Structure formats: structure tokens, C-alpha cells
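A.B. asks:
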Amino acid sequence: MFMQNTIIWAIQNLSGEYLCWAIWYNVSIFIKYYQNLQIVKELSMKKFLVVPIMVLILISACGPAPVPVVSQNGIEVYTPTARAVNSGETTAAYMLVKNTGSESDILLTATCETASMVEVMNTHMEGDMMSMGEVEGIEIPAGASVELRSGSYHIMLMDLKENLAAGGTVSVTLVFEKAGAIVVEVPVTAP
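Sequential numbering from -5 applies to the sequence shown in our numbering.
(1) Indicate the three-state DSSP secondary structure (helix, strand or coil) for asparagine 93 in the structure shown.
(2) Given a cut-off of 9 angstroms, decide if lysine 172 and glycine 82 are closer than it, judged by their beta-carbon atoms.
(3) What would DSSP say about asparagine 67, mapped onto helix, strand or coil?
(4) In chain order, what residues of the same chain lie with their CB nearer than 8 angstroms to the CB of valine 180, ignoring the 5 residues before and after it?
(5) Who pairs with proline 181 in a beta bridge, going by DSSP?
(6) Decide if histidine 148 is buried, meaning its Cβ has at least 16 other Cβ atoms within 10 Å, or exposed.
(7) In chain order, what residues of the same chain have a beta carbon less than 8 angstroms from the beta carbon of threonine 108, not counting five sequence neighbours either side?
(8) Quick one: what does DSSP say asparagine 80 is sitting in, helix, strand or coil?
(9) Between isoleucine 100 and methionine 115, what straight-line distance do the alpha-carbon atoms span, to the nearest angstrom?
(10) Just to confirm before moving on: does the CB-CB distance between valine 61 and lysine 92 stay below 9 angstroms?
(11) Mind checking who threonine 108 pairs with in its DSSP beta bridge?
(12) Which two residues bound the contiguous beta strand (DSSP E) that contains aspartate 122?
(13) Ends of the beta strand (DSSP E) at valine 140?
(14) Measure the C-alpha to C-alpha separation of methionine -3 and alanine 136 and round it to an integer number of angstroms.
(15) Would you mind giving the Cβ-Cβ distance between alanine 104 and proline 185, rounded to the nearest angstrom? I have them listed as a contact below 8 angstroms.
(16) In three-state terms, what does DSSP make of alanine 175?
(17) Let's test the definition: count the other Cβ atoms within 10 Å of the Cβ of valine 178 and tell me whether it reaches 16, buried, or not, exposed.
(18) Could you give the first and the last residue of the continuous beta strand (DSSP E) run that contains glutamate 133?
(19) Threonine 85: buried (16+ other C-beta within 10 angstroms of its C-beta) or exposed?
(20) What does a CB cutoff of less than 6 angstroms around cysteine 214 pick up in its chain, not counting 5 residues either side in sequence?
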């Protein structure tokens, strides 16, 4: 039961290589603990080798932990992206923001020299209608992540002064209450 609870906790709270190592550690403890039991002794060597082989397959499927694009003052930014659009149009910037600090922080606003207007927004349901509105800030709790994505929090870049072409980048400055201004080079992808 302990191993099952530990693996469930690891899946919910860890990612990438850390998750793989947590699972491997728990399976190795399981194997060591049950090696002396009569059930394992009665199993043929072929049957007993199935467990370690399955664990190796599971671990080989795990990739390295993602690397932040920006890491500054306890804030890490992962996988930023914006869609390509023409001058005068609007697009949104999406990313994962992680607070590695010991205190929560708030994303207050964002700026972008390429856009005439930038707003930190949230999409939400009002009855049967989906609507979008500017928010005063997005709290990023200590040790937690907030994903800025379509249908949720995002950074709206409005009335662009120039085309955003796929393969290029757009510079967006995130302004946090505690971490201050953090510049993120956001890759532009095809729509």
C-alpha cells in the first residue's frame, strides 16, 4: 500500500526524469522486499524477470525533465508560444510559468513593443456564454505552476505593429510583483 500511495503521489507531483526515478526507486524497494517471500522463490526465473524488464521499458519511455526558457528570481518559464499573424491583428502568448521560490508571486502585467496593447486575460464561462476579460494579476503559488493556455489565462497581444512570422520570435516582458520584469523570447508558430 505504501508503494502504491508513493507512486500515485509521484505521478501527481513530479514530471520527466524525476517521475521515472521515483517509480524506479519504489519498484526496486518492492523487489528487494519481496525477494525473500516464498511466492517469488516459486516463480521461475523467466516470470521473475518480467517485472524488471517492464520497469526498464517504462523508464526508457521517460524523457529528460523540460528545461526552462527563462529562469530568473525564482520564476521559470517553459514552452512559450504565439501564433503567426499579420500586422494589425491580435494573437495570444501561451506558456507555463513555475514559481520555484518559497513565497507566492503575482504576474501583474505584460508588455510587448511589437503590440499596441497587451493584456493579461482569462477566459471563463458566464452562463452558456464563454467570455474573456482582463485580470488584475495571476497568482503563482510557491512551488507551483500555472499554465497560460487557450481557454484559460493567456497574454493577449493586440493591434500588432508588424507581422509575426512562423519561425520567428516576439519579445514579451512579464512583470511580477516580487520577481520583477522578466523578458521571454516567445517562438512564433504557424496557425
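Every residue, glycine too, gets a C-beta built ideally from N, C-alpha and C. Just so we're clear, the structure is a prediction, and the values are computed from it rather than from any experiment.
C.D. replies: Let's see:
(1) As a position in the sequence shown, residue 93 is number 99, starting the count at 1. DSSP places asparagine 93 in strand when its eight states are reduced to three.
(2) As a working mapping, residue 82 is identified with position 88 in the sequence shown. As a working mapping, residue 172 is identified with position 178 in the sequence shown. Here glycine 82 is not near lysine 172, since their CB atoms are 9 angstroms or more apart.
(3) Walking along the sequence shown from the start, residue 67 turns up at place 73. In the structure shown, asparagine 67 sits in coil (DSSP, three-state: anything other than H, G, I, E or B).
(4) Taking the first residue of the sequence shown as position 1, residue 180 is located at position 186. Close CB contacts of valine 180 within its chain, under the 8 angstroms cut and outside five residues either way in sequence, are with Pro74, Thr75, Ala76, Ala87, Met89, Thr163, Val164, Ser165 and Val166 (chain order).
(5) Along the sequence shown, read from residue 1 onward, the residue named residue 181 stands at position 187. The secondary-structure analysis by DSSP pairs proline 181 across a beta bridge with Thr163.
(6) In the sequence shown, residue 148 corresponds to position 154, counting from 1. Taking all protein chains shown into account, histidine 148 has 16 or more neighbouring C-beta atoms within 10 Å of its C-beta and is therefore buried.
(7) Mapped onto the sequence shown, residue 108 falls at position 114. Close CB contacts of threonine 108 within its chain, under the 8 angstroms cut and outside five residues either way in sequence, are with Leu151, Leu154, Lys155, Glu156, Leu158, Val164 and Ser165 (chain order).
(8) In the sequence shown, residue 80 corresponds to position 86, counting from 1. DSSP places asparagine 80 in coil when its eight states are reduced to three.
(9) The count along the sequence shown starts at 1 and reaches residue 100 at position 106. The count along the sequence shown starts at 1 and reaches residue 115 at position 121. The alpha-carbon separation between isoleucine 100 and methionine 115 amounts to approximately 14 angstroms.
(10) As a working note, residue 61 is residue 67 in the sequence shown. As a working note, residue 92 is residue 98 in the sequence shown. Lysine 92 is positioned such that its CB atom lies no closer than 9 angstroms to that of valine 61.
(11) One-based indexing of the sequence shown puts residue 108 at position 114. Beta-bridge annotation (DSSP): threonine 108 is not paired with any residue.
(12) Numbered from its first residue, the sequence shown carries residue 122 at position 128. Annotation: aspartate 122 is outside any beta strand (DSSP E) and is labelled neither H nor E by DSSP.
(13) Position 146 of the sequence shown holds residue 140. Its beta strand (DSSP E) spans residues 139 to 142.
(14) Residue -3 sits at position 3 when you count from the first residue of the sequence shown. Residue 136 sits at position 142 when you count from the first residue of the sequence shown. Residue confidence is low: methionine -3 scores 47 on pLDDT, short of 50, so the model does not pin down where it sits. No coordinate-derived value is stated.
(15) One-based indexing of the sequence shown puts residue 104 at position 110. One-based indexing of the sequence shown puts residue 185 at position 191. The C-beta separation of alanine 104 from proline 185 comes to about 21 angstroms, leaving the pair out of contact by the 8 angstroms criterion.
(16) Your numbering for residue 175 matches position 181 in the sequence shown. Reduced to three states, the DSSP call for alanine 175 is strand.
(17) For the purposes of this step, residue 178 is taken as the residue at position 184 of the sequence shown. Counting Cβ neighbours within 10 Å, valine 178 comes out buried, since at least 16 surround it.
(18) Here the question's residue 133 lines up with position 139 in the sequence shown. Where glutamate 133 is concerned, the enclosing beta strand (DSSP E) stretches over 132 to 134.
(19) In the sequence shown, the residue the question calls residue 85 occupies position 91. Of the other Cβ atoms in all chains shown, 16 or more fall within 10 Å of the Cβ of threonine 85; this residue is therefore buried.
(20) Summary: the structure shown does not reach residue 214, with the chain confined to residues -5 through 185, and so no result is reported for it.
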